[in-house]
Every structure is written in structure tokens, then in C-alpha cells.
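Engineer: Chains as they are written, first to last, in our numbering: chain A, -14 to 345; chain B, -14 to 345; chain C, -14 to 345; chain D, -14 to 345.
Take a look at this one; I'll ask things after.
Protein chains: 4
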Amino acid sequence: MAPAGAKKGILERLESGEVVVGDGGFLITLEKRGYVKAGLWTPEVVVEHPDAVGQLHMEFLRAGANVMQTFTFSASEEKLESKWKDVNAAACDLAREVADKGDALVAGGICQTAIYKQDADEARVKRLFRLQVEVFARKNVDFLIAEYFEHAEEAVWAVEVLKESGKPVAATMCIGPEGDKNDVTPGECAVKLVKAGASIVGVNCRFGPGISLKTMKLMKEGLQAAGLKAHLMVQSLGFHTPDCGKGGFVDLPEYPFGLEPRTATRWDIQKYAREAYNLGVRYIGGCCGFEPYHIRAIAEELAPERGFWPPASDKHGIWGSGLNMHTKPWIRARARREYWENLLPASGRPFCPSLSKPDS
Amino acid sequence: MAPAGAKKGILERLESGEVVVGDGGFLITLEKRGYVKAGLWTPEVVVEHPDAVGQLHMEFLRAGANVMQTFTFSASEEKLESKWKDVNAAACDLAREVADKGDALVAGGICQTAIYKQDADEARVKRLFRLQVEVFARKNVDFLIAEYFEHAEEAVWAVEVLKESGKPVAATMCIGPEGDKNDVTPGECAVKLVKAGASIVGVNCRFGPGISLKTMKLMKEGLQAAGLKAHLMVQSLGFHTPDCGKGGFVDLPEYPFGLEPRTATRWDIQKYAREAYNLGVRYIGGCCGFEPYHIRAIAEELAPERGFWPPASDKHGIWGSGLNMHTKPWIRARARREYWENLLPASGRPFCPSLSKPDS
Amino acid sequence: MAPAGAKKGILERLESGEVVVGDGGFLITLEKRGYVKAGLWTPEVVVEHPDAVGQLHMEFLRAGANVMQTFTFSASEEKLESKWKDVNAAACDLAREVADKGDALVAGGICQTAIYKQDADEARVKRLFRLQVEVFARKNVDFLIAEYFEHAEEAVWAVEVLKESGKPVAATMCIGPEGDKNDVTPGECAVKLVKAGASIVGVNCRFGPGISLKTMKLMKEGLQAAGLKAHLMVQSLGFHTPDCGKGGFVDLPEYPFGLEPRTATRWDIQKYAREAYNLGVRYIGGCCGFEPYHIRAIAEELAPERGFWPPASDKHGIWGSGLNMHTKPWIRARARREYWENLLPASGRPFCPSLSKPDS
Amino acid sequence: MAPAGAKKGILERLESGEVVVGDGGFLITLEKRGYVKAGLWTPEVVVEHPDAVGQLHMEFLRAGANVMQTFTFSASEEKLESKWKDVNAAACDLAREVADKGDALVAGGICQTAIYKQDADEARVKRLFRLQVEVFARKNVDFLIAEYFEHAEEAVWAVEVLKESGKPVAATMCIGPEGDKNDVTPGECAVKLVKAGASIVGVNCRFGPGISLKTMKLMKEGLQAAGLKAHLMVQSLGFHTPDCGKGGFVDLPEYPFGLEPRTATRWDIQKYAREAYNLGVRYIGGCCGFEPYHIRAIAEELAPERGFWPPASDKHGIWGSGLNMHTKPWIRARARREYWENLLPASGRPFCPSLSKPDS
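The following block contains the structure:
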């Protein structure tokens, strides 16, 4: 594989029209593997069980991801106290180690703060961000992501701090089509982020594939209306949430321990990847609920455009073709695209509804 | 931790009334991680990516499993040709390495053959089994499991071969309440297996938690009626299959790439563990679809009986208690047992049915 | 139309191989029209609003029914006190008046008593039946039906009393495949009823089309095993109840004011009619939930066998053919059998489950 | 009862703040009774089987309706040719005969034409309307309704013609929140209708209770914004249609022969009546799918406001109270408001989805 130094940067890739495949969700995936605790959702596993984190990075790399995002979600003074700096440094090393085994970049990520909700003190919030960025700078990550922001204002502050590093900045908000907490529309959010300096904008988390793409469409239209240009990025949930309200999946009664029936199939994700591509989004990944095979589904759907298959496709027959040698003819009959594209999968739960009402 | 030599054997544990927690499914879990190919479902990952297999063993151990089953499913001359012996040996080493990090035993497993279906030639089938057992004997596994048999006759042959090793033998069939392919009832199957020398009998795979326990009840009744004694073992799917027919989940239209909406929650598995325990089953684990957190759910539900919590419970608040500090009061309100026990999780798929008709 | 005197009797029809189409449900249909009170379910409307009852008879006649059952359900001393005799006499007159407008017979019906449940005193129960039969004899109904019995013993008493009249006797129980309240199997029930003198046996009410036919199959097998012959009759609910327990639909949480989503379509009923016919049932009608168009569906499905269409088919295009002139092409496309046979109709209720757990 | 002459007119009632309860659907109800043919949906039953129509009027009157709408839907030269005049005259007589038995008014109704869709020739369309109004004038109906219009323009023409009669005019369109076929919003439609002379405006048919009320809210807001005043009227479907598109229920795959699972319960309609009332709507009735017991549900829900119960409530225990003497305690437990208000009724159809995709 090519030496890290030889890799094209994130903007180079996007500007040349390449599709960048993001990685998937660490928190919920590692919670199910027994390493992250639901509730606080902090990434201390990075120092406690680095192998488990490295293994997941490796799986996303094999699945075709071009980005290894440092597992530093909520890893700040605020939540991890004195531990935070070691966690962040270790997360950078883990991401880099795996990224160097393939064609992937390392992205350092910061997210919204509790301070902001308390008093929205710009100086204090930015100080918290700056401390985190220092580690990323020292570890020389390839670019930076401000993600999971419910307020455009705080996301703008984050972008401003990240820009100070001189590295490319992506910014994604965890909002739906109704906009941010202060009713700033997706289009307006996108405009603010680009004006603040983000080269890549979009959404991550909180909403499933269908709704996330609706929000992306609004962001795109907002940018066009304002005459601005930016690369588009989407990292949706791996769960279907047609019934969620403005707050997204956390308000659904199934969050976070009963979401299984909502899990997207690989075919749902191929559809999502295609629709995102058709919308003009070129940085396509996932967030909570996105397992490695979901990322592979993005890479497989867009293999014609990218010109290659991800390593993990060695263990995957396209559109179920691996079933074509099954002894039962009715299972062999499933080894084709039409079958899986049209399947309406049953829940096996006849006593359960198909939609829920969000709490609030 | 105690040295391996000091560990109690499988029969010692069961005879003293201990609950033995089995491990979960390797094939489907590693398929989703990008290492196993659906269709043939062979375990060559054991030599190709041993770290990925070791990591999964480790997760099951942390989740509370007392058994590390060698990942040797279908690993015979028949399917893997010359490679099979290396795969089996490596699988034994991987299982042992992790087992020695905790209180777990290593179990070598064999399963049904294609030869049997073709001509049911006892000598040929037994020869295939014997080759596999030689490796297990050389690697000194702690006990042996004959699993995933659709025909009682072939399962009996397997038990006969395994008994030759002098090690304790468990035998599980992948049948439902309607019995095996030749209409041998579950009760009759159990009787045959015990008479052939199995100390532990039960079911694995093909059927979800509810149906698997129905079959276990019939096995138990069959043994009682015959005046026989044996330890009971259940390793169900991690998918709900109330709608499957005699052939189990492979005949459902969702198999194997659209099963997501059927995935059991951790609460479903706690219920399964409790019901299995109440039925007198003391070896309780999982098969396809059982992820590490499902195994942890067994270990947590039966923690009062076992007297301890599994290591991975450090990252899990009991009955959702980790949510009790959430900023949203309606999410804090989910931090209690009644909430999760009574949740009827929505699929988020209003255009899909809740049950399917099996193909055949 | 032919004079009443010229009509073939019920046994003549069945013995010559004719299909007899029964009528539908009066209680629930007239409850929805505002004339019957749920709870006691008594037929005083017969004297209070005879036009409403006559109209419903007329609708069933037009739909193709060959039997006008007197609306005398629960019309005994027990429930209606002194009023009962007038109600019964009026019900006979109403049924006869409509029957004489077409090719229909009048059947007088009696059903299970509260006395039986209290102390099962044969003399008292039979006295109650005898009083009712006196009215039917005086009004010269064409045949008699003992229906809606949960206990074979009481049904046998009813048949014995009805036989005293010298008229043909049909007997239907409201049981499912699990048998009567004392665990008498459907096969045994059928045998007892035939031995007591019933010429026609079967089931009515409490269970939907699918389950009712399962019970009929068991009755048929019971009679065959006993070497007995009888005509078979089925009058199922017009509601789907795959989830009901031994007690039938009354135990479902939706009974009686939330059953709407379970209502059978006309196509469901055509399937039921065909399956009943194929099973050898020749008296095919409905009970609660069967509206006139459901009876028409029976008559239309079996029109080839009967050789004629019911009058109300003048207002019904076969298999939706009336849609073939619609201005919207996608609605015209529904004017064909395949469309309606394969439709999986949505409930429009995504927050509701598809099955319920029966209360008890 | 009071002589017809003494009855308060429709505007008098609404202006004094009274709730006016409309009647329900004739087409689908009489189709199920065997008198109307789906497809053309014409009302020739009025002359062919007047008793059947009179009976249905009577049921709506007993249920509490204050309006007997003449069953003249589509009864114009266009569809019924020479027959139309007799049908319309007979329909007026039938409605009057029943209206005079209670406190109900007679309303003559006209609806959209096929001519309009072909060439929107105002003169021809108005001529068709005028011919119909002549009959209504001769028969001296109490007021007139223009209903089931998809285009605001044609509805305005209808109102203009109806106004010529000097009688009060109501106008309802069969549109949803997205507006009419030319994208005229509900608010704009309402404004146009009022400006054309309608005293009462609203929606009827095509959409279920929930969506119809959303449209009403938009109409109300449109009128308020324009500083106009009018009485509001809603006559929704008796079917749930959350999944329909702009065309309403006719585009749903279940239309018209598989709508059963969507049928509203009486409790759904009580909720609808209360919400309509709270929104300020005072003329509340139903359209297709509204059976007499649905109208009774409106009258019962608003009995406190109206000060009396409808006659058919003699046969209805409020909130299921008629079940309080049932022998089974779990059925007695259903005799209360909380039970029925919170019931989530199952469809009994686990192989069906809960929502459909509209055709088009």
C-alpha cells in the first residue's frame, strides 16, 4: 500500500470528484461488544481496550472507508476530566495505525458541549474546543470534523476554532428537515457553516437514512440559493426513523436499548448511498447503528463510480450471489438483485406496532 | 485469574447445579464484520484474520460466557479440503488463548455433513467426524459438542464418534417442536442422543428463543417419560421466528440478508434466559444472531443465581440505569426495568408486514 | 318466484348436492345500525323496529342467502322475560315474509342458556328450549338450528328437544380446534350431535374464517372415523382472529367495539367459501361481522357450482370489474382478479400491532 | 315532534352556536348492502329500492343527524341520462319523509362534473348544475350543498348557481392539506368559496379524520387571514388514510374493495368530533365509510354541548357501559372510557403492512 505521505487529502479527493466513504458508528457498536457504556457514551475504551477499538477501525477500513475518525466523541475536560487528553492522544494513534494500512485519512472530531446549553458562553465553549484541537494538531490528523451539533451557533464556533489549525474542516449537524433547536433551517445552517469556514457540510446522527437525505436536500438548496459552494457530507443513523420528531431518535421510545427492529439492512444502505450520490453528496458514511457491513454496502453500491471494490467484498457475494450454490432451490432463488431490492422484511413481532410516538 | 488446570469441567459444573453460559454466533457476527462469506459459511477467517476471531472470543468472554467454542463450523475435508486441518488447529489455539484469560472452557464442535444427505453412509460420515476429533484431541479441548444436526440418526453417529475421545459430549439438534427431518419427535431425539452417550442435550440455531424453548420442553418431557437423565442445553437464534415452518429460519424470505428487524433486544434475551432456567436448562447460550451483548444479557439475568456479574457489565447499567443522568427527563424515565420489560419496539417499517410466509 | 310450498326442503337440497348459502350476522350488524344493544345482545328490535330487521333479511336474500334465520338469538324467558314470546313470533313472521320473496327457507334458532352454566339441570334447560320450539312449530318454520353452544352436552340436549318437532335439525357449536369447554374435541362433538339426531353439524361464531375451517376439518375427520354421515355447515365470524385463544373473539381486547380492523374483505370471504366447499361443507354462511356483501361473496364464488348469480350481483362487478371505466388508469388496473386476490390490505394504523393477546 | 315548519334553519342553528350533526355515507354503505354499484357510484337505488334508502336515512336520523342529505350524488344528466330527474325528485321525497320524523333538515347536493375535467366550459357546467337545482327548488329542500369538488374554480361556479336559489349554501371540497388540483391552498379555496357566496365551507370525503381536520385548520387560518367569516363543516371518510397522497383514498391500493382494515372505530370518531369541535367546526358529519354508529359517536361525544342524546343511544352504553354485566370479569373490565380510548386495535393480519404506497 502507498505510504501515508502519498495519500491525497480530503479536499483534493472531493475536488477531483471522488466519492469519499466515511466510517460507521463506534458508540453503539462498541456498546454491543461490551466496551462502551450507554448514557454518558464516553470513549475511555480507547485506553482501556485499545485492541477492541483498533479492530473496529480495521473492519471499517476493510469495508471500504476512506476516513478513520478518531474515537474522541465527547472526549473533553467536560466529561472525562483529567483523562481526556490521554484518551484523545491514544485515539489519534489508533486511527493513524489503521489508516496507514490502507487508503484512509485520519479525521479528528469534536462535538457539541454541555456548557453551551447551560449558558452559551462563547469564550468558554471555544476554550474547550481549542484544548481538543491542540491534541489533534500535535498528532497531525489529516482533517477535522465538527459533528453532532444541535445549534448552528455552536457549530459555527466550532468551525472557527477548527479553522485556526489550518487543516480542512468538515461540519455536520444532527438536525432534521425542521432545522436546529432555534429553528434555523437546514439551508441557513449550511450557509452559516460555510461562511464560518467549513469546506464540507452536512448532517450526522439522530435521523435515519431517509430523513437525513431530506435534510441534505434542503442544505444543498440553501447553499445554491446563497450562491455558495461546498462539498456535501452525510452520515446518517443505521436505523429507520420515519416516526421521529424534531429531536430525532433519542426521543423515540426504543432509544437506546430497543432499536434492533429498526436496523437498516445492507440493501437499505445501498439505496441510501445511491440516493446520496444522486443528490450530489460525495462524502457518504454512517453514524450510530452503522456496522462495518453497512459501510461495505456504500462501497459496493458506488464501486462502479469509484472503480474498485473494498477488501471485505472478498467475503460478500454481490446482491446475495453467494447463495447460488445453496442446496435448497428456494434459497438459491434469493441470489439476485430483484429479490433483495423488493424484499419487505418482516419484524417477527406481530404484537408490536410499526411506528412509535416520540416522547418529549 | 485461576490457572486453566484449576477449572472445573463442564460436567462438574452442571452436576453441582451451576449455570453455564454459552457463547454466541460467529458466522453471522463475523459476516457483518466482513470476515465470513454467506452461502458456504466456512471459518477460514481463523487463519486469515485470527485477530478478528480472537477479538470476538474475547467479547463473549467479557460478556460472561463459560465456553469458548472453537470456530470450526463446517471445517472439514468436505468443505475446506486440505485447508481444514490448519483451520481447526488454529481455531483451537484461538479459543484456548482467550479461555485462559477467564473462567471458560474450550469446546470442540462438529456439525452435520453433506455426505449424510447424499447417501447416509455411516462409515464415511463417521470417518469425516473422526478426522476432526483427532485435532480436538491433540489440542486437548475440554469437551465436545455435536451441533446443528437435522437428523437424529446422524447426530447419534456424531455422538458415538465423539464419545470415543473419552471427553464429555454435548449434542444439540437444529430442530423445532415438529421434530427432525424424518419426523422423529424432539423427545425421541433427546432419548436417542442420551442413549448414544451424550451427557448434555438440547437444540441450537434455526429457531428463535420462543420456539427453541418449546422444543426444549418436549425434549425434557421425552427424557422424563423414558426415565433418562441428562443436562439440558439451549443455544437459540438471536432472531424472532414465530412464523417459521419446520425448516426454521433459512426458509424465511429474510434469510440471510434481511433478518435485521427480527433481531432480539437484550430484554428479549433476559426473558429467554429466565424461561430457560425455569425450565431446568442450565447450559444457556446462543447461535446465529447472538452478539456479545445478548450473551451479557443471559449473564445479567442469571447473575443472582450465579452470584456474580460478567466483566462487561462494568459497561452496562442494569435495566437501563445508565440513562438516569440524561438531561432529558423523558429519557431518564427509561432507566427502569418496567420500561424495558414492557416496551413493544416499533420496526420503523410501516410498509412491511410483521410476519412472513416461509418459502419451500 | 316460486310459491313457498314448492320450495325444496333443507335436507332435499343438501342431499341432492346443492350448496346452501346461509345468512349473515344480525346482532353486530344491527348494533351498528343503532337497533341492538351490545352486552345483552337481545333481539327486541324485532318488535320495536320490525322494518329494520325486515330490511336486513331482504339484504341477505338479495345477497343470495337460502336461509332466513329467525332473529331470536337469546330470545327466551331467561333474558327477555314476558316479552320473549312476542319477539319470537314476530321474528318468525318477518323471516317468512322475506323468505317468500325468494328461494329461501326459514330456520328457527335456539342457543345456549345461562342456566346450563349455573347448574346444568337438564330438565330446566330442556324446558326453556321446549318453550321456544313451541313458537317455531306454531309458526311452521322450515327447519331448526341449535347454535352457539360452548358445551357439547347442552348442544345435545338442544338437538334432542328440536328433534321432537319432527323438523330437520342443524347444530353448530361456537368452538375452535381445541374443542368445547370440557375439552371434548371437535370430532367428538360432531359425533355426539349426529348421534343425538342432528342431520347437519358444524360451527358458528366466535372464530374467524381460517380457524372455523380448521375446526370443520376436525369435525369431518371425527365423523369419518366414527363411520357417521352428516351434512357439514359453517358460519364463521366476518373478522380475522388468528390470535384468539380457546374462548374465541370475545376474549380479544378488541371485542366488541374495536373489531373494525379485523373485518374480512369480500375477497377473504370468497377464499373462505371456496375452501369450505373443497372441504365438503355445503351449508356455508356467516355469523357476527358478516354483512350482506360478505354473503354475496359466498354466492358469487360458488356461482359456477350453483349455476346462478344472486340478485345483488346486479350491483357488483365480478372481481372489481366495475372499475374498468374509471378515469384514472391505475384504478382501472384494479379491475381484475389477480389484483384483489393478492392485495395485502394495510390497516392505516402504524401505531397498532397486527395481533393481540387474548384476555382471560 | 315539532312540525317541519317550526324547525330552525341551518344558518339559524349555526349562528346560535348549535352543533349540527351531518349524516354519513350512502354510496359505500349501500354498496355493502347490495344496492349501489362501485365504479359509477350512481344513486338509482333511490327509485329501484326506495325502502333501502329510506331505512338508511332513518338510521342516520336515529343516530343523531340533523341533516338528511338527498341521495343525489352524481345524479345528473351526465351520468344518469333521462333517469336523473326522477331519481333526484324521489331522493328529495325520501329525505323529507324521514327528516319530518325528527329534528332534521333536508339538504340538496350537487358535485363535480366530468365536463369540467374535459374542457372547463363554465356555461355547460353551470347549466348542468342549474337543472339539478331546479328539482331541489321545486321540492323545497332546506339548504344546498356543493360537495366533492377537486377544483376550487368549479366549486365556485357551483356556489354561484346554488346561490341563485336564495337558499343557504354550504360548499365542501374533497381536498387535503396540499390543496386542490391546481395547487390552490385550502385557505385560498375557503376564501374563494366564501366570496362566491357560501355561508358554510369545509371538506368532505377523500381523506380520513386526521387529515381532514388538518385541512380544516388551514381553511380556518385562510379565512382569518382574509378577514372573512364563515361556518366550518367537515365530513371526513370513515377510513384512516395517513398514507394517502394528494389524490386521497382513491389512489390507495385498497380502494374501494379492501378498505375494511382502515375502518374507524366509534372511539376514533368521538376523538374526531371533539377535535373538530375544539377547532371551531360546528357542522360535523361523515362521508364514505361513515356508518350510522359513527354518526352516533359524534352525537354522543358532543351530547354535553348539545344537551341531549340521540335516539339510538338507547341501544348504546356510553363508553362500553353495556358490558358491565358480562359474566367474564375481563370483559366487564372493558366497560370504561380509559379502556376504549387507549385501545390500539390489532388488524388480525400479520402478513399485511400497516401503510400502503398510493398508486398514481
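Note that the Cβ used here is the ideal one computed from N, Cα and C, for glycine as well.
Using only the alpha-carbon positions, how far apart do Gly232/A and Cys337/A sit?
Structural biologist: Residue mapping note: residue 232/A aligns to position 247 of the first sequence, counting from 1. Residue mapping note: residue 337/A aligns to position 352 of the first sequence, counting from 1. Computed Cα separation, rounded: 23 Å.
Engineer: Determine which residues of the stretch 317 to 345 of chain C have a Cβ less than 7 Å from any Cβ of chain A, and write them out in chain order.
Structural biologist: Pro335, Phe336, Cys337, Pro338, Ser339, Leu340, Lys342
Engineer: DSSP on His216/B, reduced to helix/strand/coil?
Structural biologist: Counting from one through the second sequence, the residue named residue 216/B turns up at place 231. Strand at His216/B.
Engineer: Taking all protein chains shown into account, decide if Ser341/B is buried (16 or more other Cβ within 10 angstroms of its Cβ) or exposed.
Structural biologist: Within the second sequence, the letter at position 356 stands for residue 341/B. That one is buried.
Engineer: Measure the CB-CB distance between Ala48/C and Ala297/C and report whether it falls below 8 Å.
Structural biologist: One-based indexing of the third sequence puts residue 48/C at position 63. One-based indexing of the third sequence puts residue 297/C at position 312. Cβ distance < 8 Å, so Ala48/C and Ala297/C count as in contact.
Engineer: Kindly give me the distance between the Cβ atoms of Lys64/D and Leu15/D, rounded to whole angstroms, as I take these residues to be in contact under 8 Å.
Structural biologist: Stepping through the fourth sequence from its first residue, residue 64/D is reached at position 79. Stepping through the fourth sequence from its first residue, residue 15/D is reached at position 30. The Cβ separation is near 16 Å, so there is no contact.
Engineer: Apply the 10 Å Cβ neighbour rule to Pro(-12)/B and answer buried if 16 or more other Cβ atoms are within range, or exposed otherwise.
Structural biologist: Along the second sequence, one-based indexing puts residue -12/B at 3. Summary for Pro(-12)/B: the model assigns pLDDT 48, below 50, so the residue's position carries little reliability; its value from the coordinates is reported in the next sentence. Pro(-12)/B comes out exposed.
Engineer: Beta strand (DSSP E) containing Leu90/D: first to last residue?
Structural biologist: Along the fourth sequence, one-based indexing puts residue 90/D at 105. Counting along the chain, the beta strand (DSSP E) containing Leu90/D begins and ends at 90 to 96.
Engineer: Going by beta carbon distance, what residues of the same chain come within less than 6 Å of Phe11/C, once the five residues before and after it are set aside?
Structural biologist: On the third sequence, residue 11/C is found 26 positions in, with the first residue counted as 1. Contacts found: Phe56.
Engineer: Name, please, each residue of chain B whose Cβ falls closer than 7 Å to the Cβ of Val21/A.
Structural biologist: Numbered from 1 along the first sequence, position 36 holds the residue referred to as residue 21/A. Result: Lys300.
Engineer: At the level of alpha carbons, what is the spacing between Ala75/B and Val32/B?
Structural biologist: One-based indexing of the second sequence puts residue 75/B at position 90. One-based indexing of the second sequence puts residue 32/B at position 47. Approximately 7 Å, taken between the alpha carbons.
Engineer: Give every residue of the same chain whose Cβ lies closer than 7 Å to the Cβ of Trp325/D, excluding the five residues on either side of it in the sequence, and list them in chain order.
Structural biologist: Taking the first residue of the fourth sequence as 1, we reach residue 325/D at position 340. Within the same chain, Trp325/D has close Cβ partners Trp252, Trp304, Gly305.
Engineer: What ranges does the beta strand (DSSP E) occupy inside the stretch 71 to 158 of chain C, keeping only unbroken runs of at least 3 residues that lie completely in it?
Structural biologist: Runs of the beta strand (DSSP E) inside the stretch 71 to 158 of chain C: 90 to 96, 128 to 134, 154 to 158.
Engineer: Flag Lys86/B as yes if its beta-carbon sits less than 8 Å from any beta-carbon of chain A, otherwise no.
Structural biologist: Your numbering for residue 86/B matches position 101 in the second sequence. Interface with chain A (8 Å Cβ-Cβ cutoff): Lys86/B is excluded.
Engineer: Using a beta-carbon distance below 8 Å, is Val235/C in contact with chain D?
Structural biologist: For the purposes of this step, residue 235/C is identified with residue 250 of the third sequence, where counting begins at 1. At least one chain D Cβ lies under 8 Å of Val235/C.
Engineer: For the beta strand (DSSP E) containing Met53/D, list its first residue and its last residue.
Structural biologist: Taking the fourth sequence and counting its residues from 1, one reaches residue 53/D at position 68. From DSSP, the beta strand (DSSP E) with Met53/D extends over 52 to 54.
Engineer: Nearest CA to the CA of Leu348/A: which residue from Gly302/A, Leu113/A, Ser67/A, Phe45/A?
Structural biologist: No answer is possible for residue 348/A: the residues shown for chain A start at -14 and end at 345.
Engineer: What is the C-beta distance between Ala143/C and Ile185/C, in whole angstroms, given that I count them as a contact (C-beta under 8 Å)?
Structural biologist: Your numbering for residue 143/C matches position 158 in the third sequence. Your numbering for residue 185/C matches position 200 in the third sequence. Actually they are not in contact, since the Cβ atoms of Ala143/C and Ile185/C sit about 13 Å apart, beyond 8 Å.
Engineer: Quick one: complete alpha helix (DSSP H) runs, 4+ long, within the stretch 189 to 254 of chain B?
Structural biologist: 194 to 210
Engineer: Under the assumption that Glu132/D contacts Cys96/D (Cβ atoms under 8 Å), give the Cβ distance between them as a whole number of angstroms.
Structural biologist: Position 147 of the fourth sequence, counting from 1, holds the residue named residue 132/D. Position 111 of the fourth sequence, counting from 1, holds the residue named residue 96/D. Glu132/D to Cys96/D, Cβ: 6 Å. Contact.
Engineer: Where does Thr248/D land, buried or exposed, given buried means 16+ other C-beta within 10 angstroms?
Structural biologist: For this step, residue 248/D is matched to residue 263 along the fourth sequence. Result: buried.
Engineer: For the structure I just gave you, are there three or more beta carbon pairs, one from the stretch 286 to 302 of chain C and one from the stretch 220 to 239 of chain C, closer than 8 Å?
Structural biologist: No, they do not touch.
Engineer: List the whole-angstrom C-beta distance separating Gln117/B from Asn73/B, where the pair is believed to meet the contact cut-off of C-beta under 8 Å.
Structural biologist: Taking the first residue of the second sequence as 1, we reach residue 117/B at position 132. Taking the first residue of the second sequence as 1, we reach residue 73/B at position 88. That belief holds up - the Cβ atoms of Gln117/B and Asn73/B are roughly 6 Å apart, short of 8 Å.
Engineer: Could you tell me the boundaries of the beta strand (DSSP E) in which Ile269/A lies?
Structural biologist: Counting from 1 along the first sequence, the entry for residue 269/A is found at position 284. Unbroken beta strand (DSSP E) run through Ile269/A: 268 to 271.
Engineer: Check each candidate in Leu222/B, Asp36/B, Arg259/B and name the one with the smallest Cα separation from Ala288/B.
Structural biologist: What you label residue 288/B is simply residue 303 of the second sequence in a count that begins at 1. Among Leu222/B, Asp36/B, Arg259/B, the Cα nearest to that of Ala288/B belongs to Arg259/B.
Engineer: Please look up how many angstroms separate the CB atoms of Ile160/B and Val188/B, rounded, as I've assumed it's under 8 Å.
Structural biologist: Translated into the one-based positions of the second sequence, residue 160/B becomes position 175. Translated into the one-based positions of the second sequence, residue 188/B becomes position 203. Indeed they touch by this definition, with Cβ atoms about 6 Å apart.
Engineer: Using 8 Å as the threshold, is the C-beta distance between Phe275/A and Gly9/A below it?
Structural biologist: Mapped onto the first sequence, residue 275/A falls at position 290. Mapped onto the first sequence, residue 9/A falls at position 24. In contact: Phe275/A and Gly9/A (Cβ atoms closer than 8 Å).
Engineer: Determine whether the Cβ of Ala37/B lies closer than 8 Å to any Cβ atom of chain G.
Structural biologist: Judged by its chain identifiers, the structure shown contains no chain G, and its protein chains are A, B, C and D.
Engineer: Return the Cβ separation of Lys152/D and Phe114/D in integer angstroms, given the expectation that the two are a contact with Cβ distance under 8 Å.
Structural biologist: Looking up residue 152/D in the fourth sequence gives position 167. Looking up residue 114/D in the fourth sequence gives position 129. Actually they do not touch by this definition, with Cβ atoms about 14 Å apart.
Engineer: Taking 8 Å as the threshold (beta carbon to beta carbon), is Met310/B in contact with chain A?
Structural biologist: Here residue 310/B is taken as the residue at index 325 of the second sequence, counted from 1. Judged by the 8 Å Cβ criterion, Met310/B is in contact with chain A.
Engineer: Closer than 8 Å is the cut-off here; do at least three beta carbon pairs connect the stretch 263 to 277 of chain B with the stretch 207 to 223 of chain B?
Structural biologist: Segments in contact, yes.
Engineer: Skipping 5 residues on each side, what residues in its chain have a beta carbon closer than 6 Å to that of Ala84/B?
Structural biologist: Taking the second sequence and counting its residues from 1, one reaches residue 84/B at position 99. Met53, Val91, listed in sequence order.
Engineer: Where DSSP assigns a beta bridge to Ile185/C, which residues make up the other side?
Structural biologist: Sequence index remark: in the third sequence, residue 185/C carries index 200 (1-based). According to DSSP, Ile185/C bridges with Ala155/C, His216/C.
Engineer: Exposed or buried, what is Pro314/D when buried is set at 16 or more other beta-carbons lying within 10 Å of its beta-carbon?
Structural biologist: Your numbering for residue 314/D matches position 329 in the fourth sequence. Burial call: exposed.
Engineer: Assuming Leu65/D is part of the alpha helix (DSSP H), what are its boundary residues?
Structural biologist: To locate residue 65/D, count along the fourth sequence from 1; it is residue 80. Start and end: 62 to 65.
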